[in-house]
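*Asks:*
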Amino acid sequence: MVSSPISGVKTKECLNTNITSQVKSPNPHSSSETSLFNLPQKLSLLGKEAIQQREKAQKIALQALRNASATETIVWSLKSLSTLSKLANPEDPTDCFDQFLEFHNQIVQAIADMVSIKSATEVNNIINNSNQKSTILGKHTRSSNVNQKGKMGTCEKNGNKHSCLNDTIKLGKQIEREAGNWFMEFLEKALEKGIGESKFIKVHKSLVMKVVKWLEVEQCDSSKRLVNPKAIEIARKLRIKVKSP
């Protein structure tokens, strides 16, 4: 038996909780911000700009840590799959079936988490950019120049961050696809050996049907095209064996 990836989920949840508590946006009405109103006009404007940059930096750090957490989940899942592939036995595929389906759910969830983070970040950036434009219009020319420079720096950081997140999402999808290809090769071997026995099908019918569902649903892309042409043929053979007396 391969250790379950579920503990990786708990670790990630704990990490995200710690991240949120450690990297938290400051209260806009905090005493440190309120005290800036006592400064001369230009210094007050620059102080507000510094606070805005601090908030942006904290948000960037938070997103980066969340991305790191999701990436760690992918790496952990790969280690689990590595052990699984080493111990997988076509003549007795029960454990492999169960653990692979769990691995697949884990990596799909990790990818979904990263996509959600990316979408939320993009929406937040649109709102922030809109607010910045409104603020810049009412500020002194010097302050506006500072704003523009700060904004450019932030955009560059966001661009790098989005590139990193996109690369991680792409990597996760590639791993998911290649893992699926490996599993179908294993299924073909299992069909020739362990699954060929009617006794195995009777004892593990529900598990086999989960595999069939994975083949029919997960091995199709968003346009319902097969990712792997072998999927339907393997699913058909499994259904025939399940229905056989």
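First residue of the sequence shown: 1, per the UniProt record's numbering; consecutive thereafter. Heads up, the beta-carbon is just placed ideally off N, CA and C, and yes, glycines get one too.
#1: So, are the CB atoms of residue 176 and residue 111 less than 9 angstroms apart?
#2: Going along the chain, which residues of its own chain have a beta-carbon closer than 6 angstroms to the beta-carbon of residue 29, five neighbours each way excluded?
#3: Is the region 171–188 in contact with the region 78–89, if contact means three or more CB pairs nearer than 8 angstroms?
#4: By the three-class DSSP mapping on this structure, what secondary structure does residue 38 have?
#5: Tell me the DSSP secondary structure of residue 216 in three-state form.
#6: From which residue to which residue does the alpha helix (DSSP H) around residue 233 run?
#7: Please report the straight-line C-alpha distance between residue 60 and residue 72, rounded to a whole angstrom.
#8: Return yes when the Cβ of residue 242 is within less than 9 angstroms of the Cβ of residue 203, no when it is not.
#9: Assuming residue 193 contacts residue 91 under a Cβ cut-off of 8 angstroms, what Cβ separation, rounded to an integer in Å, is found between them?
#10: Contact check, residue 212 vs residue 190 under 8 angstroms by CB: the rounded distance?
#11: What do you reckon, are the CB atoms on residue 169 and residue 118 nearer than 9 angstroms?
#12: Where in the UniProt domain "DUF6857" (32–132) do unbroken runs of the alpha helix (DSSP H), each at least 4 residues long, occur, reported from the N-terminal end onward?
#13: Count the other CB atoms, across all protein chains shown, that sit within 10 Å of the CB of residue 54; report buried if there are 16 or more and exposed otherwise.
#14: Spatial neighbours of residue 237 within its chain, please: CB distance less than 8 angstroms, with the 5 preceding and 5 following residues excluded, ordered by chain position.
#15: Assuming residue 121 contacts residue 63 under a Cβ cut-off of 8 angstroms, what Cβ separation, rounded to an integer in Å, is found between them?
#16: In three-state DSSP terms, what is residue 157?
#17: Residues in its own chain within less than 8 angstroms of residue 239 by CB, not counting five upstream and five downstream?
*Replies:* Looking at the coordinates:
#1: Mapped onto the sequence shown, residue 176 falls at position 176. Mapped onto the sequence shown, residue 111 falls at position 111. Closer than 9 angstroms, so yes.
#2: Locating residue 29 in the sequence shown gives position 29, where the first residue counts as 1. Interpretation of residue 29 is limited by its pLDDT of 47, a score under 50 that renders its predicted location unreliable; the figure taken from the coordinates is listed afterwards. Cβ neighbours of residue 29 beyond the five flanking positions: none.
#3: yes
#4: The residue given as residue 38 occupies position 38 in the sequence shown. Residue state, collapsed to three classes: helix.
#5: Here residue 216 refers to the residue found at position 216 of the sequence shown. Residue 216: helix per DSSP, three-state reduction.
#6: Here residue 233 refers to the residue found at position 233 of the sequence shown. Residue 233 -> alpha helix (DSSP H) spans 230–243.
#7: Within the sequence shown, numbered from 1, the residue matching residue 60 stands at position 60. Within the sequence shown, numbered from 1, the residue matching residue 72 stands at position 72. Between residue 60 and residue 72, the C-alpha separation is close to 18 angstroms.
#8: Within the sequence shown, residue 203 is the residue found at index 203, counting from 1. Within the sequence shown, residue 242 is the residue found at index 242, counting from 1. Result no, Cβ atoms of residue 203 and residue 242 do not sit closer than 9 angstroms.
#9: Taking the sequence shown and counting its residues from 1, one reaches residue 193 at position 193. Taking the sequence shown and counting its residues from 1, one reaches residue 91 at position 91. The Cβ separation is near 5 angstroms, so the contact holds.
#10: Indexing the sequence shown from 1 puts residue 212 at position 212. Indexing the sequence shown from 1 puts residue 190 at position 190. With a Cβ gap of about 13 angstroms, residue 212 and residue 190 do not count as contacting.
#11: As a first step, residue 169 must be located in the sequence shown, where it is residue number 169. As a first step, residue 118 must be located in the sequence shown, where it is residue number 118. Against a cut-off of 9 angstroms, the Cβ pair of residue 118 and residue 169 comes out as a contact.
#12: 41–87
#13: The count along the sequence shown starts at 1 and reaches residue 54 at position 54. With fewer than 16 Cβ atoms within 10 Å of its Cβ, residue 54 is classed as exposed.
#14: Walking along the sequence shown from the start, residue 237 turns up at place 237. Cβ neighbours of residue 237 beyond the five flanking positions: 191.
#15: To locate residue 121, count along the sequence shown from 1; it is residue 121. To locate residue 63, count along the sequence shown from 1; it is residue 63. Confirmed, Cβ separation roughly 5 angstroms.
#16: Here residue 157 refers to the residue found at position 157 of the sequence shown. The predicted position of residue 157 is uncertain, since its pLDDT is 48 and thus under 50; no value can be drawn from it.
#17: As a position in the sequence shown, residue 239 is number 239, starting the count at 1. Cβ within range, chain order: 212.
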